[in-house]
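Taking it in order: structure first as structure tokens, then the write-up.
Below is the structure:
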């Protein structure tokens, strides 16, 4: 796939589709060419730490990997309470009052109870990291990044999470929080942002992806790519697949070949292999149908294979290679 | 790290859902593991075995909802058509509407004027429709309501609950406590103070706090919250009592928790957390349902032998080589899933487990739900 030249990449997907792994691989891919990338998570799951096999991440940006050509991948687990206190300090210099707020349960209120505020705080931090100036320093004195990847909440909650403006309008019609929400929406709706959907080729994830893409378009947030994850490579030629599905594979020939390879074809062996082939053919057919469904969205698609042994760090770099195969689209 | 899978106690779900002393089954687990499908299949199985069942689903996939005849989110349990009632059972299903559930709580516990004030308050409207924990809280609230109705009317004798696809599988356990501790916490008393009276309560600390809130959130939001809190005041005690009541129900002997997972490291890690948390809270865990397990292939060829065959036949007979590669890949997956299960079993040797083989397609109708039920309750 050609990676869009966006600064902010939001990665969502149904639970179980490998969203966090894909977000990590995307960060590695974007780190190609010596770029600096920040990978953030907002759900307190420590998914990034588990993918990179490192200790739980604090609310501090730290480098966790080196990209293919010496790029740097930094990671940050965003915590709403810490983000709130940081926000208050940064914009209001509320030293004493900040602590008082905490004591009276206000941070608890703002981060767990007040609707929408939590999301504004979480995305607000991503916004701040994305907007740091390219001269290397921002108002906060921190380094800037070439790209920021957000491991976002799952598809079922993504539009509510990203559409902070609508969330906040119900509670704050004017004021600083409202202004912050509007700045965030401007970034999310701009060409500098993309929302990517991770899915497997199964009915429920595909349906949620199509619903999610339509929802993003309705809200006006640019969709990047649909990333089909855990695709099983067809292991049989198309004609053989069709034969396996129809139950018309030439059993005698297979038995002869097995014997030639020193594998006894008697007992349950031949029938078992043919049964597996038929199940595989059904699976491929289902996946093909689901892929056609996804194509209706009219969004660029990229496919990542199923790693039978699970995803280790090596597998992650392979995925990154596939994601970044065509490099970054600089609009040329 | 090593535990023998043959030592893992089997979870007998058929016995569980047909046990007349079990009245509530709560299905929990991380997102994407088939929790809703498992809940629906268990409910269907229990109903066809003669129990009067209501299943509370949170956010079912469209086709599953259609399979159960659920077309709208309206909080009303409706009979599911096509259920075999020859054993005297029945199956009702409903989808949770969290805002409506919250409204019902307000209407049931406040005077009509107060209720109107609360329902019209912008802060309440946002709280009831989008607060991150409202769905969890309302699922538990609905469970209490259904349980009360079960005891009084006898319309049902088994409630099966699906839990919301939360950030973490544990959120629904914490939501009632979180909401009620907020509603009668310090902040609320602080916000109420100006509305309630003596100015001497407004200490310097409070002034700083209200000042900061109004600076950051804007004065209008602070006023909305204060109005809401003043109107909601009389309901606080009730919320605390209801949260305690929900906890009692969840801890009772008539309740059984079923943790649902798929053979995936993340899902099993969540399942581990959940098992530990339930034990810490002395909540009754029935066991683990492991969905979508790769079925061991019938052909008795080792992965090594198959891969050796692939090499020998790759040129001369790509079809047979492909069949062998398919076989070897399946064996690899089976081995990986067994390793994951052994790791879980080593950490939780006492947790009874039921496994459900991966099915080629999703649930479209009652018939496919029944097939899952058969696999689950086998």
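Chains as they are written, first to last, in our numbering: chain A, 278 to 609; chain B, 68 to 445. Where is the CB? At the ideal position from N, CA and C, for every residue including glycine.
Residue nearest to residue i in terms of C-alpha spacing, selected from the options
i, options, result
"residue 155 of chain B", "B:288, B:115, B:328 and B:281", "B:115"
"residue 483 of chain A", "A:574, A:327 and A:297", "A:574"
"residue 394 of chain B", "B:411, B:333 and B:376", "B:376"
"residue 423 of chain A", "A:469, A:546, A:453 and A:395", "A:469"
"residue 290 of chain A", "A:577, A:348, A:481 and A:534", "A:481"
"residue 515 of chain A", "A:554, A:430, A:543 and A:358", "A:554"
"residue 311 of chain B", "B:211, B:105, B:291 and B:436", "B:211"
"residue 78 of chain B", "B:151, B:355, B:416 and B:118", "B:355"
"residue 363 of chain A", "A:324, A:313, A:405 and A:331", "A:405"
"residue 415 of chain B", "B:342, B:433, B:83 and B:406", "B:342"
"residue 373 of chain B", "A:563, A:540, A:597 and A:547", "A:540"
"residue 204 of chain B", "B:193, B:313, B:102 and B:288", "B:313"
Buried or exposed by the 16-neighbour rule on C-beta atoms within 10 Å, applied to residue i
i, result
"residue 343 of chain A", "exposed"
"residue 143 of chain B", "exposed"
"residue 148 of chain B", "exposed"
"residue 506 of chain A", "buried"
"residue 398 of chain B", "buried"
"residue 452 of chain A", "buried"
"residue 347 of chain B", "exposed"
"residue 414 of chain A", "Note on residue 414 of chain A: pLDDT 49, under 50, position unreliable in the model; the coordinate value appears next. It is exposed - the Cβ of residue 414 of chain A has fewer than 16 other Cβ atoms within 10 Å."
"residue 172 of chain B", "buried"
"residue 438 of chain B", "exposed"
"residue 367 of chain A", "exposed"
"residue 590 of chain A", "exposed"
"residue 473 of chain A", "buried"
"residue 436 of chain A", "buried"
"residue 456 of chain A", "exposed"
"residue 395 of chain A", "buried"
"residue 266 of chain A", "Outside the shown range of chain A (278 to 609) lies residue 266 of chain A, about which nothing can therefore be said."
"residue 16 of chain B", "There is simply no residue 16 of chain B to check, as chain B begins at 68 and stops at 445 in what is shown."
"residue 281 of chain A", "buried"
Span of the alpha helix (DSSP H) around residue i
i, result
"residue 494 of chain A", "480–496"
"residue 342 of chain B", "332–347"
"residue 371 of chain B", "370–380"
"residue 434 of chain A", "432–439"
"residue 108 of chain B", "102–115"
"residue 595 of chain A", "590–600"
"residue 165 of chain B", "165–176"
"residue 528 of chain A", "528–537"
"residue 394 of chain B", "385–414"
"residue 292 of chain B", "286–299"
"residue 84 of chain B", "80–85"
"residue 322 of chain A", "Per DSSP, residue 322 of chain A belongs to no alpha helix (DSSP H) and is neither H nor E."
"residue 561 of chain A", "546–572"
"residue 217 of chain B", "201–220"
"residue 435 of chain B", "433–444"
"residue 400 of chain A", "394–408"
Unbroken beta strand (DSSP E) run spanning residue i, endpoints
i, result
"residue 424 of chain B", "420–424"
"residue 343 of chain A", "339–343"
"residue 358 of chain B", "352–360"
"residue 119 of chain B", "119–124"
"residue 349 of chain A", "349–354"
"residue 508 of chain A", "500–508"
"residue 290 of chain A", "285–290"
"residue 315 of chain A", "313–318"
"residue 157 of chain B", "157–162"
"residue 580 of chain A", "578–582"
CB-CB length for residue i against residue j, believed under 8 Å
i, j, result
"residue 427 of chain A", "residue 403 of chain A", "5 Å"
"residue 579 of chain A", "residue 593 of chain A", "Not a contact, Cβ separation roughly 16 Å."
"residue 439 of chain A", "residue 287 of chain A", "7 Å"
"residue 518 of chain A", "residue 366 of chain B", "That belief does not hold up - the Cβ atoms of residue 518 of chain A and residue 366 of chain B are roughly 18 Å apart, past 8 Å."
"residue 137 of chain B", "residue 127 of chain B", "7 Å"
"residue 475 of chain A", "residue 295 of chain A", "6 Å"
"residue 96 of chain B", "residue 338 of chain B", "6 Å"
"residue 208 of chain B", "residue 178 of chain B", "Their Cβ separation, rounded to whole angstroms, is 20 Å, which puts residue 208 of chain B and residue 178 of chain B out of contact at 8 Å."
Any non-hydrogen atom of the ligand SAM closer than 7 Å to residue i Cβ
i, result
"residue 435 of chain B", "For the ligand SAM, the structure offers nothing, since it holds no ligand at all."
* Check distances from the C-beta atoms of the stretch 365–392 of chain B to those of chain C and list, in chain order, the residues that come in under 9 Å. => Protein chains in the displayed structure are A and B, and chain C is not among them.
* Asked: Which residues, taken in chain order from the stretch 88–118 of chain B, show a beta carbon closer than 8 Å to some beta carbon of chain A?
  -> 97, 98, 99 and 100
* Asked: Looking at chain B, which residues of the stretch 284–296 of chain A have a Cβ within less than 8 Å of any of its Cβ atoms?
  -> Hits within the stretch, in order: 291, 292, 293 and 294.
* Near-chain A residues of the stretch 412–444 of chain B - C-beta to any C-beta below 8 Å -> So the list reads 427, 428 and 429, given in the order they occur along the chain.
* Quick one: which residues of the stretch 343–354 of chain A get their C-beta closer than 9 Å to a C-beta of chain B? List them in chain order. => Within the stretch 343–354 of chain A, no residue has a Cβ that lies closer than 9 Å to any Cβ of chain B.
* Which residues, taken in chain order from the stretch 123–138 of chain B, show a beta carbon closer than 9 Å to some beta carbon of chain A? -> Within the stretch 123–138 of chain B, the residues whose Cβ lies closer than 9 Å to some Cβ of chain A are 126, 128, 129, 130 and 131, listed in chain order.
* **Where the stretch 392–409 of chain B meets chain A: residues whose CB sits under 7 Å from a CB there** => Per Cβ criterion, the list reads 392, 393, 394, 396, 397, 399, 400 and 403.
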